[in-house]
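Notes follow once the structure below has been shown.
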Amino acid sequence: MSKKEKEDRFLFPFRKQKIREKDNLQRDEEKISLGIGDIVAIFIAAAQILLPYLLVFIVGWGLFIWFATNFWLK
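Mapping of the sequence shown onto our numbering: residues 1 to 74, in sequence order.
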């Protein structure tokens, strides 16, 4: 058996595994898709996280302006 044949025999399972991993990766890439429902769910989740901070910010500025116009700037 030549040196090349020995290398091929040794490396064959690894090559086969690499090909399998590549096929699995391609299949995984094909499965990833976002529908309208997914986008709506992401938007709702982001709103639930960001809305309280936004409301506190707006109410805080409102109170600051109200105090400034009613008490400090008279």
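We treat Cβ as the ideally placed atom computed from N, Cα and C, and that holds for glycine.
Note that the coordinates shown come from a computational prediction; the quantities given were computed from them, not determined experimentally.
Quick one: grab the DSSP three-state call for residue i.
i	result
G35	coil
L55	helix
L50	helix
L63	helix
Who are the Cβ neighbours of residue i in its own chain at under 6 Å, not counting the five residues just before and after it?
i	result
G37	none
F57	none
For a cutoff of 8 Å on Cβ pairs, would you count residue i as touching chain D?
i	result
W61	Among the protein chains of the structure shown there is no chain D, as only one such chain exists.
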